[in-house]
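Student:
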Amino acid sequence: MSFARDAGAWRSASVRRFLLITLVVWACALSSMLLVLSQVRDALLEPLTAVVLEEIEELQGVAQSDELEVWLWFEGDLARRSLDLGDVDHDDFDTVLADYARRLQLMREGVDDEGNRRAIDARLWLIGSGALLPTVERPFEFYVELLRRELPPRWHHELSPMLRLREPLWPTAWRWSAMSPPERFAAVLAGVAQQLDPGDRCMRLGERDGEAPRWQDLKVTGSPAMRAVSLSGGALLAATTRRCWVHEMALDEAGQFLDYGIIADDTLRAVYLGERYGQGAALASLVGALVLGALLGLRLHGRVRQIEAFSDQVRRGDLSSRLPVRGAGDDIDRLCATLNAMLDQVEQQIRGVRQVSDDIAHDLRSPLTRLRNRIEHLTQAAAPRAEDVAQIAEEADQVLATFTALLRIAQLEQGGPREAFTAIDLAQICREVTDLYEPVFTDSQIQLVAALPRSASIVGHRGLWAQALTNLLENALKYASGSARVTLSMRRAGSRWHLEVRDQGPGVPEHALTKLTERFYRVEAHRGSAGTGLGLSLVAAVSGLHEAELRVANDGGLVVTVAIPAAPEGSQSPG
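Quick note on numbering: the sequence shown equals residues 2 to 576 in our numbering.
1. By a C-beta neighbour count over all protein chains shown, 10 Å radius and 16 as the cutoff for buried, is residue 140 buried or exposed?
2. Starting from residue 490, trace the alpha helix (DSSP H) in both directions and tell me its first and last residue.
3. Between the segment 161-173 and the segment 21-41, do at least 3 Cβ pairs fall closer than 8 Å?
4. Could you tell me whether the Cβ atoms of residue 466 and residue 543 are closer together than 8 Å?
5. Kindly indicate which residue of 271, 64, 438 and 189 has the alpha-carbon position closest to the one of residue 1.
6. Where does residue 493 land, buried or exposed, given buried means 16+ other C-beta within 10 angstroms?
7. Output the distance between the C-alpha atoms of residue 313 and residue 451, rounded to the nearest integer angstrom.
8. In this structure, does DSSP put residue 162 in helix, strand or coil?
9. Check whether the segment 136-155 touches the segment 175-189, counting contact only when three or more Cβ pairs, one atom from each stretch, lie closer than 8 Å.
10. Going by CA-CA distance only, name the one from 190, 202 and 85 that's closest to residue 153.
11. I'd like to check one pair, residue 554 with residue 459: are the Cβ atoms closer than 8 Å?
12. Output the boundary residues of the beta strand (DSSP E) element that contains residue 103.
13. Return the chain-ordered list of same chain residues with a C-beta closer than 8 Å to the C-beta of residue 184, the five sequence neighbours on each side being excluded.
14. Compare the C-alpha of residue 510 against each of 556, 485 and 189 and name the closest.
15. With a threshold of 8 Å on Cβ separation, who are the neighbours of residue 428 within its own chain once the five nearest residues in sequence on each side are excluded?
16. Assuming residue 452 is part of the beta strand (DSSP E), what are its boundary residues?
17. Please return the same chain residues whose Cβ sits closer than 6 Å to the Cβ of residue 121, not counting the five positions on each side in sequence.
18. Give every residue of the same chain whose Cβ lies closer than 7 Å to the Cβ of residue 272, excluding the five residues on either side of it in the sequence, and list them in chain order.
19. In angstroms, rounded to a whole number, what distance separates the CA positions of residue 563 and residue 340?
20. Can you tell which of 461, 540 and 81 has its C-alpha closest to the C-alpha of residue 115?
21. For the beta strand (DSSP E) that contains residue 257, what are its first and last residues?
22. Does the distance between the C-beta of residue 548 and the nearest non-hydrogen atom of the ligand FMN fall short of 7 Å?
23. Compare the C-alpha of residue 495 against each of 441, 476, 569 and 135 and name the closest.
24. Between the C-alpha atoms of residue 548 and residue 347, what's the straight-line distance to the nearest angstrom?
25. Closest to residue 137 by C-alpha separation, out of 25, 123 and 113, would be which residue?
26. Considering Cα atoms alone, identify which of 244, 265, 226 and 267 is closest to residue 251.
27. Taking the beta strand (DSSP E) that residue 497 falls in, what are its first and last residues?
28. Would you call residue 93 buried or exposed, if buried means 16 or more other Cβ atoms sit within 10 Å of its Cβ?
29. Could you give the C-beta distance for residue 323 and residue 344, rounded to a whole number, given that I count them as a contact under 8 Å?
30. With distances taken from CA atoms, which of 374, 155 and 264 is nearest residue 204?
31. Ordered along the chain, which non-local residues of its own chain (more than five positions away) have a Cβ less than 7 Å from that of residue 488?
32. DSSP state of residue 556, grouped into three classes?
33. Exposed or buried, what is residue 243 when buried is set at 16 or more other beta-carbons lying within 10 Å of its beta-carbon?
34. Tell me the residue span of the beta strand (DSSP E) that contains residue 249.
35. Give the DSSP-derived three-state secondary structure of residue 562 in the structure shown.
36. Would you report the Cα separation of residue 426 and residue 550, rounded to the nearest angstrom?
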C-alpha cells in the first residue's frame, strides 16, 4: 500500500513533526517577506504622505486666517477677473469713483463670460453704482481685492470706510468673517482648484450623508492618517479614473469632511501589486511548505515502516534480510547500515555457535569415548593399575581444559573484564613471557629471539595479554617443526603497536589462513597432535576485546601480527 494512501501515515509523529517544522520555517520566511514589503511600501508612500499633510496644514492655516492676504490663493482667479481699465486717477475721490464706474459699465457690455459679468456687477454695487446686489460666487473679500487692484493705491484709505458700510449688507454665506470652517475650506479649495494641474492633486469636499462623489477604497495599507482611493468622473479634478493617496479629515460636527491628496497612479499601482503578489506568494509558499513537509514526513515514515517490517522479520527468525541503504548519507542510511552490520555480527555469532556445537561434537567425541571405555575397562579389572587411573585423569583434564578455554573465549567475545583495563607495559610482559619460555624452546632446539622496545604502553588487561602471548609462543613451538628460530618483536606504527611472532617453519596452506582463528580448527597435518585447537581463537578473542587487529600470513614461515592501539599520551604504565 502506498504511504500516501496509508491513513496511519498521516497520524505519524514524523509527518506531524515535519509539517510543524515547515510551517515554522514558512512563518519565518513570510514574516521576513512582509517586513521587506512593508519597508518598501513605507519608502514609497512616506514622501507622498509628508507632502499631503504639509499642504493640509497650510490649507487649515489659510481657512483660519482673517487677513486679506489669504486671497493670494486666488492669484490666478484674480488675474482672470481683473480688468485693464487704463489710468483711473483724478484729484477728487468722487470723480475717481464715477470714472471707474463708467468704465466698468462700458467693459460689462463687451464681456461674454457670465462669471466676469457677475464680478463687475459686484464691484459696481460695492461703490454704490448698482441698485441691487447681484448673485455672487466669491466671498466679500475677493471682490474687495479686485477693487484694490484696479483703483490707485492713494485712494484706498478713502475706499475703506465705504466698504465697511457695505460689508454688513453682503450675504452672510459669502462674507469671510462670517463663514464656517467648511465654508472657508470650500472657498479656499475653489481658488486652489483654479490653479492646480488636473494630474497633480485630488480633493473632495462634502457631507457624509450627501451626494458627494463616491471613491472606491483600494485597501492599500500604510499610514493610519492616509488611504488609497480610486476616483472617476464626478470628483473635482477627475475626468478619468485615477489613483489617489488622500488624507481624510472632518471639518465640523455636522458631518462636513474634506478628502485631499496627491494623484499617484504609478506609486499606488506598484504598492497595490506588491501587496497582492505578496498575498499570492504567501499562499503559494504555504501550499509548498505543506506539500514539502508532507513529502518529507511520508518519506521518513516509509523508512521507519521498512525498519519495523525488517525488525519483525528478524524477530520471526529470518536473519538473512537486510535493510536497503540508499546512499543518501542521511541518519536513516547510517542507522540502516548499523543495523545491517549488527545483524551480520549476530548471524556470524550464531554460525559460530553452531560451528562450536559441531566442533564439540566432533573434537570431544573421541576423548570422551576413550574416557568412557577406560573407565569401563577399569571397573572390570580385578586390580586397577595406577597408569590406567593416570590416563583417565589426563583425558578428563584435557576435556576440562577444552571447556575452560571455550568459556574463556565466550566471556571475552561478550565484552570481558573491561572494567579491569589499566595502562600496562606490553614490552615488559613480552620480556617476562620470553624469559619463561626460553628454556622450553632451548630444549626443543629452537632459538627464541626477542626484539622489543624499552617500553610499549597500551591500555588493557595484563593477564589476558600474558595468556595471548603464551598461546602464540606455544603455537609456534608446537607447529613450527623444523624451524630454527622463532622471533617475537614489537614496533610502533602510527597510533598502534605491532606485536609479531614469526617462525621459519613450513607455514600453513593459503586456504587455511583465514580459518586458523576458528574454534577447534587445526591444519589437517596436525589434527592428530595434542591440543584443543583453541589457542589462536583465544588470541583473536583477546585482540577483539582490546580493539586490536589480528593478521596471519605466510612469509618464510607463519607470521602472526597483532596491531594494538597505543595508550593515550599521558597514560602511565606501572614500572
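In this text, a Cβ means the ideal position worked out from N, Cα and C, and glycines have one as well.
Tutor: This is what the structure holds:
1. As a first step, residue 140 is located in the sequence shown; it is residue number 139 there, counting from the start. Buried is the call here.
2. By 1-based counting over the sequence shown, the position of residue 490 is 489. Per DSSP, residue 490 lies in no alpha helix (DSSP H); the unbroken beta strand (DSSP E) holding it starts and ends at 486-494.
3. No: fewer than three Cβ pairs fall under 8 Å.
4. Mapped onto the sequence shown, residue 466 falls at position 465. Mapped onto the sequence shown, residue 543 falls at position 542. Yes, these two residues count as a Cβ contact at 8 Å.
5. Since the displayed the chain opens at 2 and closes at 576, residue 1 lies outside it and no answer follows.
6. By one-based count along the sequence shown, residue 493 stands at place 492. Exposed, because fewer than 16 other Cβ atoms sit within 10 Å of the Cβ of residue 493.
7. Looking up residue 313 in the sequence shown gives position 312. Looking up residue 451 in the sequence shown gives position 450. Rounded to whole angstroms, residue 313 to residue 451 spans 54 Å at the Cα level.
8. Taking the first residue of the sequence shown as position 1, residue 162 is located at position 161. In the structure shown, residue 162 sits in a helix (DSSP, three-state: H, G or I).
9. yes
10. Within the sequence shown, numbered from 1, the residue matching residue 153 stands at position 152. The residue with the shortest Cα to Cα distance from residue 153 is 85.
11. As a working mapping, residue 459 is identified with position 458 in the sequence shown. As a working mapping, residue 554 is identified with position 553 in the sequence shown. Not a contact, by the Cβ cut-off of 8 Å.
12. For the purposes of this step, residue 103 is taken as residue 102 along the sequence shown, with counting starting at 1. Not the beta strand (DSSP E): residue 103 falls in the alpha helix (DSSP H), residues 94-110.
13. As a first step, residue 184 is located in the sequence shown; it is residue number 183 there, counting from the start. So the list reads 174, once near-sequence residues are dropped.
14. Counted from its first residue, the sequence shown places residue 510 at position 509. Residue 510 has its Cα closest to that of 556, out of 556, 485 and 189.
15. For this step, residue 428 is matched to residue 427 along the sequence shown. Excluding residues up to 5 positions away in sequence, 453, 454, 455, 456, 457 and 491 lie with their Cβ nearer than 8 Å to the Cβ of residue 428 in the same chain.
16. Stepping through the sequence shown from its first residue, residue 452 is reached at position 451. Its beta strand (DSSP E) spans residues 448-452.
17. Taking the first residue of the sequence shown as 1, we reach residue 121 at position 120. Same-chain partners within the cutoff: 105 and 109.
18. In the sequence shown, residue 272 corresponds to position 271, counting from 1. Cβ contact annotation for residue 272 (same chain, cutoff 7 Å, sequence separation greater than five): 42, 45, 46 and 221, in chain order.
19. Your numbering for residue 563 matches position 562 in the sequence shown. Your numbering for residue 340 matches position 339 in the sequence shown. Computed Cα separation, rounded: 28 Å.
20. The residue you call residue 115 lines up with position 114 of the sequence shown. Comparing Cα-Cα distances from residue 115 to each of 461, 540 and 81, the minimum goes to 81.
21. As a first step, residue 257 must be located in the sequence shown, where it is residue number 256. Element bounds for residue 257: 257-264.
22. Absent from the structure shown: the ligand FMN. Ligands present: none.
23. The sequence position of residue 495 within the sequence shown is 494, counting from 1. The residue with the shortest Cα to Cα distance from residue 495 is 569.
24. Translated into the one-based positions of the sequence shown, residue 548 becomes position 547. Translated into the one-based positions of the sequence shown, residue 347 becomes position 346. It is roughly 18 Å from the alpha-carbon of residue 548 to the alpha-carbon of residue 347.
25. Stepping through the sequence shown from its first residue, residue 137 is reached at position 136. Selected option, being the one with the closest Cα: 123.
26. Position 250 of the sequence shown, counted from the first residue, corresponds to residue 251. Taking only the C-alpha atoms, the option nearest residue 251 is 226.
27. For the purposes of this step, residue 497 is taken as residue 496 along the sequence shown, with counting starting at 1. First-last of the beta strand (DSSP E) with residue 497: 497-504.
28. Stepping through the sequence shown from its first residue, residue 93 is reached at position 92. Counting Cβ neighbours within 10 Å, residue 93 comes out exposed, since fewer than 16 surround it.
29. Counting from 1 along the sequence shown, the entry for residue 323 is found at position 322. Counting from 1 along the sequence shown, the entry for residue 344 is found at position 343. With 8 Å as the limit, residue 323 and residue 344 qualify as a contact, their Cβ atoms being about 7 Å apart.
30. Position 203 of the sequence shown, counting from 1, holds the residue named residue 204. For the residues 374, 155 and 264, the minimum Cα distance to residue 204 belongs to 264.
31. Along the sequence shown, read from residue 1 onward, the residue named residue 488 stands at position 487. Excluding positions up to five away in sequence, the list reads 450, 452 and 503.
32. For the purposes of this step, residue 556 is taken as residue 555 along the sequence shown, with counting starting at 1. Three-state DSSP puts residue 556 in coil, outside helix and strand.
33. Residue numbering aside, residue 243 sits at position 242 when the sequence shown is read from its first letter. Flag for residue 243 reads buried.
34. Taking the first residue of the sequence shown as 1, we reach residue 249 at position 248. Counting along the chain, the beta strand (DSSP E) containing residue 249 begins and ends at 243-251.
35. As a working mapping, residue 562 is identified with position 561 in the sequence shown. If DSSP states are grouped into helix, strand and coil, residue 562 belongs with the strands.
36. For the purposes of this step, residue 426 is taken as the residue at position 425 of the sequence shown. For the purposes of this step, residue 550 is taken as the residue at position 549 of the sequence shown. So the two alpha carbons sit approximately 18 Å from each other.
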